[in-house]
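*Asks:* So the mapping is simple: the numbering used here equals the position in the sequence shown, first residue as 1, plus 5.
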Amino acid sequence: MNDAVASPALTHLDAQGRANMVDVTAKPATDREALAEAWVRMHPATLQLLEDNGHPKGDVFAVARIAGIMAAKKTHELIPLCHPLLLTKVSVELAVAPPDRVRITTRCRLNGATGVELEAMTAASVAALTIYDMCKAVDRGMVIEGVRLLEKHGGKSGSFIAGEQP
6 MNDAVASPAL THLDAQGRAN MVDVTAKPAT DREALAEAWV RMHPATLQLL
56 EDNGHPKGDV FAVARIAGIM AAKKTHELIP LCHPLLLTKV SVELAVAPPD
106 RVRITTRCRL NGATGVELEA MTAASVAALT IYDMCKAVDR GMVIEGVRLL
156 EKHGGKSGSF IAGEQP
């Protein structure tokens with residue numbers, strides 16, 4: 006299950022083991038892209054309400070999409086050692102997956118010195134939380150699950166595709 010590749014050291018720790026923001030000054034700017042997903046499992050009647058756009062609070066997917074985009078742009082404010090990035094593209098897609106789930110996929114792009122994986126996963130997480138928030142009055146038993154990086158492209162480490170062996 007663990008797709009991590011062994012690395013010589015954790016980059017967010019200095020030589021004394023203290024938290025450290027990575028210096029990316031000398032890294033070249035390259036095109037970078039990340040794709041992430043999250044799932045929200047709910048009662049089938051709740052899913053039907055979303056599919057029919059019949060929620061009294063309005064278009065849940067539209068609000069979740071905006072929340073995900075906003076979250077990607079603010080990731081550096083939420084994750085302590087994350088660099089602020091000039092994102093050039095953030096997309097959030099939501100799809101009904103009968104009988105009881107919504108799949109959220111997010112894609113972030115930029116040309117820069119550091120990657121966009123955290124931004125993509127933050128966007129997916131916050132979009133999922135927004136669905137929960139808007140639907141909790143009718144279904145408090147919803148479960149957010151499967152938040153993960155699906156793909157990463159660009160930068161020194163190259164590409165990563167979930168499930169592929171390094």
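The C-beta atom is built at its ideal place from N, Cα and C for all residues, glycine as well.
Does the stretch 22–34 come within contact of the stretch 91–108, defined as at least 3 CB pairs closer than 8 Å?
*Replies:* no
*Asks:* Going by DSSP, name the residue or residues bridged to residue 42.
*Replies:* As a working mapping, residue 42 is identified with position 37 in the sequence shown. 110, 153.
*Asks:* Assuming the contact rule is C-beta atoms closer than 8 Å, residue 132 and residue 97 should be a hit. Round their C-beta distance to whole Å, please.
*Replies:* Taking the first residue of the sequence shown as position 1, residue 132 is located at position 127. Taking the first residue of the sequence shown as position 1, residue 97 is located at position 92. Indeed, because the Cβ distance is near 5 Å, the residues count as touching under 8 Å.
*Asks:* Classify residue 20 as buried or exposed, calling it buried when 16 or more other Cβ atoms lie within 10 Å of its own Cβ.
*Replies:* Taking the first residue of the sequence shown as 1, we reach residue 20 at position 15. Exposed.
*Asks:* For residue 12, does the three-state DSSP call read helix, strand or coil?
*Replies:* Counted from its first residue, the sequence shown places residue 12 at position 7. Summary for residue 12: the model assigns pLDDT 49, below 50, so the residue's position carries little reliability, and this model does not support an answer.
*Asks:* Pop quiz: residue 129 and residue 43 are said to be a contact at Cβ under 8 Å. What is the actual Cβ separation, rounded to whole angstroms?
*Replies:* On the sequence shown, position 124 is the one that residue 129 refers to. On the sequence shown, position 38 is the one that residue 43 refers to. Indeed, because the Cβ distance is near 4 Å, the residues count as touching under 8 Å.
*Asks:* Three-state secondary structure (DSSP) at residue 82?
*Replies:* Working through the sequence shown from its first residue, we reach residue 82 at position 77. Helix, per DSSP.
*Asks:* Nearest by alpha-carbon distance to residue 127: which of 146, 82, 53 is it?
*Replies:* Residue numbering aside, residue 127 sits at position 122 when the sequence shown is read from its first letter. Among 146, 82, 53, the Cα nearest to that of residue 127 is on 82.
*Asks:* Please classify residue 70: does DSSP put it in a helix, a strand, or coil?
*Replies:* Against the sequence shown, residue 70 aligns to sequence position 65. Helix, per DSSP.
*Asks:* Should residue 77 go down as buried or exposed, given a rule of 16 or more other Cβ atoms within 10 Å for buried?
*Replies:* On the sequence shown, position 72 is the one that residue 77 refers to. By the 10 Å Cβ count, residue 77 comes out buried.
*Asks:* So which of 38, 138, 22 has the shortest CA-CA distance to residue 160?
*Replies:* The residue given as residue 160 occupies position 155 in the sequence shown. Here the closest residue by C-alpha is 38.
*Asks:* Under the rule that 16 or more other beta-carbon atoms within 10 Å means buried, what is residue 6, buried or exposed?
*Replies:* Taking the first residue of the sequence shown as position 1, residue 6 is located at position 1. Its pLDDT being 49, under 50, residue 6 is placed unreliably in this model, and the coordinates cannot settle the point.
*Asks:* Do you know how far the Cα of residue 162 is from the Cα of residue 12?
*Replies:* For this step, residue 12 is matched to residue 7 along the sequence shown. For this step, residue 162 is matched to residue 157 along the sequence shown. Confidence at residue 12 is low in this model, with a pLDDT of 49, below 50, so its placement is unreliable and the value that follows should be read with caution. The straight-line gap from Cα to Cα measures roughly 11 Å.
*Asks:* Which stretch, first to last residue, makes up the beta strand (DSSP E) that contains residue 55?
*Replies:* Reading the sequence shown from its first residue, position 50 is the one you call residue 55. Premise fails: residue 55 lies in the alpha helix (DSSP H), 49–56, not in any beta strand (DSSP E).
*Asks:* Starting from the C-beta of residue 62, find all residues in its chain whose C-beta is less than 7 Å away, skip the five residues before and the five after it, and write them out in chain order.
*Replies:* Sequence index remark: in the sequence shown, residue 62 carries index 57 (1-based). If you ignore the 5 residues before and after residue 62, its C-beta comes within less than 7 Å of the C-beta of 139, all in its own chain and listed in chain order.
*Asks:* Could you check if residue 154 is buried or exposed, using at least 16 other CB atoms within 10 Å of its CB as the buried criterion?
*Replies:* Against the sequence shown, residue 154 aligns to sequence position 149. Residue burial is scored here from C-beta neighbours: residue 154 has at least 16 other C-beta atoms within 10 angstroms and is therefore classed as buried.
*Asks:* Going by beta carbon distance, what residues of the same chain come within less than 6 Å of residue 34, once the five residues before and after it are set aside?
*Replies:* For the purposes of this step, residue 34 is taken as the residue at position 29 of the sequence shown. Only 116, 117, 118 meet the Cβ criterion.
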